[in-house]
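>
Number of protein chains: 2
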Amino acid sequence: MAERVLRPAPLTAAAFAPFGDVLEATGAPDMVINAGRCGRFHDRARLDFGDGRAGLSLFRADACPLPHVFDLVERHPLGSQAFLPLSDDPFLVIVAEDADGQPGRPRAFLSAPGQGVNLLRGTWHGVLTPLVDATFAVLDRVGDGVNLQEHRYGTPWSVAPP
Amino acid sequence: MAERVLRPAPLTAAAFAPFGDVLEATGAPDMVINAGRCGRFHDRARLDFGDGRAGLSLFRADACPLPHVFDLVERHPLGSQAFLPLSDDPFLVIVAEDADGQPGRPRAFLSAPGQGVNLLRGTWHGVLTPLVDATFAVLDRVGDGVNLQEHRYGTPWSVAPP
Chain D
1 MAERVLRPAP
11 LTAAAFAPFG
21 DVLEATGAPD
31 MVINAGRCGR
41 FHDRARLDFG
51 DGRAGLSLFR
61 ADACPLPHVF
71 DLVERHPLGS
81 QAFLPLSDDP
91 FLVIVAEDAD
101 GQPGRPRAFL
111 SAPGQGVNLL
121 RGTWHGVLTP
131 LVDATFAVLD
141 RVGDGVNLQE
151 HRYGTPWSVA
161 PP
Chain S
1001 MAERVLRPAP
1011 LTAAAFAPFG
1021 DVLEATGAPD
1031 MVINAGRCGR
1041 FHDRARLDFG
1051 DGRAGLSLFR
1061 ADACPLPHVF
1071 DLVERHPLGS
1081 QAFLPLSDDP
1091 FLVIVAEDAD
1101 GQPGRPRAFL
1111 SAPGQGVNLL
1121 RGTWHGVLTP
1131 LVDATFAVLD
1141 RVGDGVNLQE
1151 HRYGTPWSVA
1161 PP
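Taken in sequence, the protein lines are chains D and S.
Our numbering puts the first sequence at residues 1 to 162.
Our numbering puts the second sequence at residues 1001 to 1162.
What follows is the structure, given as structure tokens:
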């Protein structure tokens, strides 16, 4: 079956709000510290670790050049998951709204330098897809229970270059 | 009074262990996920939010070119604090061991691309000092109480280029 094509949109807080938080230092800081040399944009993620605890891990991911073809998305029903790239390189964020326990049509976003994301608990998303090999700090739930659900679309999707 | 000179050392997990965790994707991953395309280095920080909760903030900090002269260090008695640069650029990490409630001689470390740090609760440290303007994700405690102690050295220190 032919792939269905998505084009990535710029990653903006407004467009991404149903799926999670865009973590970026834009606009006016909430506090200015260090004798004026640092702006703090305070507590910008809707973190949720449920009955678990916060854990900070590192992910080292291979490059996924565009076009990127996928059929798999997943979600974590027990907690939020934040991805913070330790580099300036853009990465692709694939998410989908839920419809009665199944993911709907996926959406693709492309990050800009200085942006990370926090996925809300239970948000359908693609696996980590940097455009070049990249390391991310990942903040998610550590705890007991089954915190992974996967879904394969019957027809693959392809994310084209923007 | 003349400044006292420090030279930064490379940021390694072993040298930094008394002060906190070096967050980096080195060695063998704890898990390989995403059909072999991603290594997970799991739960690598000694996070501690005490009676508060985890909060994820962004810091936008001005460059501190070397030599960097300082007399101020601070610590957070109620929780850990992680700094995750959203870029490849190195940053300076200044820390000091505690001696009866006062910081001892400071030590300076210079990060490599792909490294972040997590400072243990109560670790004396300098303010955020990237070598170029930089954005960091910061994971620290959100909650009530006084979570800042400051100390000024009687004689300033200068961090020389490595």
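Think of the CB as a built atom: it goes at the ideal place given N, C-alpha and C, for glycine as much as any other residue.
1) List the DSSP bridge partners of D:ASP88.
2) For D:GLU150 and chain S, any beta-carbon pair shorter than 8 angstroms?
3) What is the DSSP secondary structure of S:PHE1019, counted as helix, strand or coil?
4) Can you pull the chain D neighbours of S:ASN1034, defined as C-beta to C-beta under 8 angstroms?
5) Count the other CB atoms, across all protein chains shown, that sit within 10 Å of the CB of S:GLY1145; report buried if there are 16 or more and exposed otherwise.
6) With 7 angstroms as the limit, tell me which residues of the region 1030-1055 of chain S have their beta carbon closer than that to any beta carbon of chain D; keep them in chain order.
7) Answer yes or no: does any C-beta atom of chain S fall closer than 8 angstroms to that of D:GLY27?
8) Name, please, each residue of chain S whose Cβ falls closer than 8 angstroms to the Cβ of D:THR135.
9) So that I know if they touch, is there some Cβ in chain S lying closer than 8 angstroms to that of D:ALA96?
10) Do three or more CB pairs link the region 1090-1100 of chain S to the region 1130-1138 of chain S at distances below 8 angstroms?
11) Nearest by alpha-carbon distance to S:GLY1020: which of S:PRO1161, S:CYS1064, S:VAL1142, S:ARG1121 is it?
12) Kindly list the residues whose CB is nearer than 8 angstroms to the CB of D:GLY55, restricted to its own chain and excluding five residues on each side of it in sequence; keep chain order.
13) Report the neighbours of S:PRO1085 on chain D: residues whose CB is nearer than 7 angstroms to its CB, in chain order.
14) Determine the closest residue to S:PRO1067 out of S:GLU1150, S:GLY1114, S:GLU1003, with distance taken between C-alpha atoms.
15) Please decide whether D:SER57 counts as near chain S, where near means a Cβ-Cβ distance under 8 angstroms.
16) Please check the pair D:LEU110 and S:LEU1058, which I expect to be a contact at CB under 8 angstroms, by giving their CB distance rounded to whole angstroms.
17) Check the Cβ of D:VAL142 against every Cβ in chain A and list those closer than 7 angstroms, keeping chain order.
18) Is the Cβ of S:ALA1082 closer than 8 angstroms to any Cβ of chain D?
19) Less than 8 angstroms between the C-beta atoms of D:HIS125 and D:ARG46, yes or no?
20) Between which two residues does the beta strand (DSSP E) containing S:GLY1154 stretch?
21) Compare the beta carbon distance of S:PHE1041 and S:ASP1030 with 8 angstroms and say whether it is the shorter of the two.
22) Residues of chain S with a CB under 9 angstroms from the CB of D:ASN118: which are they?
23) Note down, one range per segment and in chain order, each beta strand (DSSP E) of at least 3 residues found wholly within the region 35-97 of chain D.
24) Terminal residues of the continuous beta strand (DSSP E) containing S:ASP1140?
25) What's the call for D:PRO106, buried or exposed, on a 16-neighbour Cβ count within 10 Å?
26) In the DSSP assignment, what residue or residues form a beta bridge with S:ALA1099?
27) Output yes if chain D places a C-beta closer than 8 angstroms to the C-beta of S:LEU1066; else output no.
28) What is the DSSP secondary structure of S:ALA1014, reduced to helix, strand or coil?
29) Tell me where the beta strand (DSSP E) around S:GLY1122 begins and ends.
30) For D:LEU148, count the other beta carbons within 10 Å of its own beta carbon; 16 or more makes it buried, fewer makes it exposed. Which is it?
31) Identify, in the order they occur along the chain, each residue of the same chain with its Cβ nearer than 8 angstroms to the Cβ of S:ARG1053, setting aside the five sequence neighbours on each side.
32) Going straight from the alpha carbon of D:GLY154 to that of S:GLY1039, what length do you get?
33) Using a Cβ-Cβ distance cut-off of 8 angstroms, determine whether S:LEU1092 contacts chain D.
34) Would you tell me roughly how many angstroms separate the C-alpha atoms of D:ALA160 and D:SER87, rounded to the nearest one?
Inspection of the coordinates gives the following:
1) None, per the DSSP bridge assignment.
2) no
3) coil
4) ALA61, VAL127, LEU128
5) exposed
6) ASN1034, ARG1037, CYS1038, GLY1039, ARG1040, PHE1041, HIS1042, ASP1043, ARG1044, ALA1045, LEU1047, ALA1054, GLY1055
7) no
8) GLU1024, ALA1025, GLY1114
9) no
10) yes
11) S:ARG1121
12) LEU139, ASP140, ARG141, VAL142
13) LEU86
14) S:GLU1003
15) yes
16) Going by Cβ atoms, the distance from D:LEU110 to S:LEU1058 rounds to 19 angstroms, so no, they are not a contact pair.
17) Although the question refers to chain A, the structure presented lacks it and instead comprises the protein chains D and S.
18) yes
19) no
20) 1149-1159
21) yes
22) LEU1056
23) 38-41, 53-61, 68-75, 81-85
24) 1134-1142
25) buried
26) S:GLN1102
27) no
28) helix
29) No beta strand (DSSP E) contains S:GLY1122, which DSSP labels as neither H nor E.
30) exposed
31) ARG1141, VAL1142, GLY1143
32) 27 angstroms
33) no
34) 23 angstroms
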